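Single-structure report; data block below.
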Amino acid sequence: MTTLEGLGHGLSVALQPNVLIYSLFGALLGTFVGVLPGIGAMAAITLLLPITYYISSEAALVMLAGVYYGAQYGGAVASILLRLPGTPQSAVTTLDGYPLARQGRAGVALFTAMISSFAGSILGIVILVMLAGWLAGMATAFGAAEYAAMMIMGLIAASTIGSARPSKSLAMVVVGLILGCVGTDVNSGVQRLTFGQTELMDGINLVALAMGLFGVAEVIANIRDADRHGPPDRVTLRQLIPTRQDVGQMIAPITRGTTLGGFFGALPGTGSTISSFLSYALERRVSRHPERFGNGAIEGIAGPEAANNSASITAFVPTLTLGIPGDPIMALMLGALIIHGIQPGPMMLEARPDMFWGLVVSFGIGNLFLLILNLPLIGIWVSMLRIPFRWLYPAIIVFICLGVYSVRGSVFDIAMVAGIGAIGYALALASFSPALLLLGFVLGPLIETNLRRAMLISRGDPMIFLERPIACGFVIATLALILVPVMKTVLKARTNRAAN
Amino acid sequence: MRRDYHDILWGGFLALLGLGVAGYAAIHYDLGSLRRMGPGFFPVSLGVILAALGAAIALPAFWRKGELRPFAGRELLGVIAALLLFALLMNRAGIVITAAVVTLTASVVAPRPGILWRLVLAAAVTLLTWAIFILALEMTIPVWPWSR
């Protein structure tokens, strides 16, 4: 199937009325949770997972994807108006968005965020289409050793790139990997780390873990402070119109941000959050007036917003073509696909073209919806920020409970959510990343299976990882990812000592 | 504050957890060989790595200044109590009573005095829950204590 045929085929899937409705619903719900600080795309997708049992697999995936990129649009609204990032990806948008809002230019900041998000998504789709075919072709050259090496590289990349303390990030990944071991071992049938609990035989429930780490922990962290920010000023449609100078300042950052986000989104382990931070750093570096950053530079919004949307689209590349989720949200998507009996991987483009191309086209349609709807809806989003958090969070708790309960009617899972939530809150308080724990949890069983298979194939010779060129490339990249921060720390300690 | 206590405590805990997992797995599960890895191989290796990382987090923190973040203990208790009440009540009392109790419990720790708004909120959330999950989604879960 050529790309053009594929897109035509995808259009016929994405334009089915029920798929269209779920796409619109997902995108709007995503914007809603993105706008509200304290609930992220992660929690929203987890809440929706049980509902997807009841609808067609195309509609389900299209809806979940809509929540994901919709939240990227919404996240910017709270960042700009309240200096409270609605989602982690939009944290950098506070740096220049909030100062602009203080200067009475909130409308222009919001417009910049939305048009940049849209441009980033559309160009991300182009990159996705180009990369997916190429990667799916290459993936047939992947054996167990390559998969294992690539996943390990992804985990190390996620914990070292952009992390202030890589040892803490790595520790979270390893805790996740250990939690992934809980349950029946596939090869031997041994019950591992279940301590006799029959509820743990199938392993820890992904929904319970995600709800505890992201839903419960974030609610606890937000109860006390969420209402302290005053309500934002009104924003009218007229204020959204940018000047000619503003538009001129957007184009180059959008282009750079999209390219950067498209690249990092497609790498497993690095996601949209890192892309938006890197894009901000890049814009500041190439700017002729870096002093404007932090005081309301349009470029500081345009670049990162384009980057995180582009990355969230290309993040589907490794998930769909290799079956390797690059970030925790993609891990949930992978879970949703598997629930619907679809095994993502190199064969998916051939075996389920309706699914793949339908998703791709729906990205475009969903983003168009968001752009058209969000401009008139901006007044509604702004007024939503006036809802006090104390009204919202008890409802969120009830929805979390019902979401987890509906998966398999188990109250044991709810008790798990309570325990995981308490630990997750304490971990986040000490700046440990719960997202990395979840990533380790999802990738753990895949890594173990492929590692065991690779060693079986090579008759116990670990050289298999160096003899095969692709695997060797991943090993070298992994070593570089570990050694560079270590060297940096050593050098820093030395200069500090010299200074003292 | 003189030391980074967050990192010392968590680093130490993670190191012990790693040792615990490695020790437990080594005793209870077959390690196997490199060629044919047993069920114990992966957990034991991970436990050892976690122990090392935990030490790497805790030890440098002894010589580093840190700030103690305020711990939202009250909020934590309220939310966890609400969740545990759901686990306790759901199969016995049905969704209507459970949703009301959970909402009330969770709202106790909200930073705003008053009882009336809490009751109104509980009623609203219960109604919404019933409308979404029973009326719209037709989920098969107990609605009342007597409808099991």
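Going down the list, the sequences are from chains A and B. Position 57 of the first sequence, counted from 1, bears residue number 912 in the working numbering, the numbering being contiguous throughout. Position 134 of the second sequence, counted from 1, bears residue number 209 in the working numbering, the numbering being contiguous throughout. Ideal Cβ placement from N, Cα and C applies to all residues, glycine included. None of these values were measured; they are calculated from a predicted model.
Secondary structure at Q1046(A): strand, using DSSP grouped into helix, strand and coil. Taking 8 angstroms as the cut-off, the beta carbon of R938(A) is found closer than this to the beta carbon of Y953(A).
Secondary structure note for N1077(A): its alpha helix (DSSP H) is the uninterrupted segment 1072–1078. Nearest neighbour of L1321(A) by Cα position, chosen from S934(A), A1003(A), L983(A), turns out to be A1003(A).
The Cβ atoms of T1128(A) and P943(A) sit closer than 8 angstroms to each other.
With the criterion set as a beta carbon lying under 9 angstroms from some beta carbon of chain A, the members of the region 182–203 of chain B are S182, V184, A185, P186, R187, W192, R193, L196, A197, A199, V200, T201, L203, in sequence order. In this structure T886(A) is buried. Its beta-carbon is surrounded by 16 or more other beta-carbon atoms within 10 angstroms. Around the beta carbon of L891(A), 16 or more other beta carbons sit within 10 angstroms, so the residue counts as buried. Against chain B, a Cβ distance below 8 angstroms from C1327(A) picks out nothing, because the smallest value is about 19 angstroms. K140(B): not part of any alpha helix (DSSP H); DSSP gives it neither H nor E. Look at M112(B) here: in three-state DSSP terms it is strand. At a beta-carbon threshold of 7 angstroms, the residues of chain A lying near F161(B) are C1256, I1269, ordered along the chain. For W1212(A), the uninterrupted alpha helix (DSSP H) segment begins and ends at 1208–1239.
Here the C-alpha atom of Q1046(A) lies approximately 23 angstroms from the C-alpha atom of L1294(A). Not flagged as an interface residue toward chain A: P220(B), since no C-beta distance is shorter than 8 angstroms. Straight through space, the alpha carbons of V154(B) and G169(B) are spaced by roughly 20 angstroms. Interface annotation, E1303(A): in contact with chain B, CB-CB separation under 8 angstroms. Listed in chain order, the positions of the region 118–141 of chain B with a beta carbon within less than 8 angstroms of a beta carbon of chain A are P118, L121, G122, I124, L125, L128, G129, A131, I132.
Residues of chain A whose Cβ lies closer than 8 angstroms to the Cβ of G98(B) do not exist; the shortest such Cβ separation is about 12 angstroms. Within chain B, the C-beta atoms nearer than 7 angstroms to that of D1040(A) come from P114, in chain order.
In the displayed model, T1039(A) falls within a strand according to three-state DSSP. For G107(B), the three-state secondary structure derived from DSSP is strand.
DSSP places V195(B) inside the alpha helix (DSSP H), whose first and last residues are 191–204. By the criterion of at least three beta-carbon pairs nearer than 8 angstroms, the region 973–985 of chain A is in contact with the region 1096–1113 of chain A. Contact between the region 1195–1213 of chain A and the region 1171–1182 of chain A is present, with at least three C-beta pairs closer than 8 angstroms. Not a single CB atom of chain B sits nearer than 8 angstroms to the CB of K1347(A). Straight-line measurement puts the Cα of R144(B) at about 15 angstroms from the Cα of E1073(A).
Relative to S1134(A), the option among L1122(A), A1121(A), G1117(A), G962(A) whose CA is nearest is G1117(A). Around the beta carbon of G1070(A), 16 or more other beta carbons sit within 10 angstroms, so the residue counts as buried. When rounded, the separation of the alpha-carbon atoms in Q1104(A) and G1315(A) is 57 angstroms. Among the residues of the region 1289–1323 of chain A, those with a Cβ less than 9 angstroms away from any Cβ of chain B are G1299, I1302, E1303, L1306, R1307, M1310, L1311, S1313, R1314, G1315, D1316, P1317, in the order of the chain. Note on geometry: alpha-carbon atoms of L91(B) and A126(B) lie some 6 angstroms from one another. Contact with chain A is found for A147(B), since one of that chain's Cβ atoms lies less than 8 angstroms from the residue's Cβ. Around the beta carbon of M1210(A), 16 or more other beta carbons sit within 10 angstroms, so the residue counts as buried.
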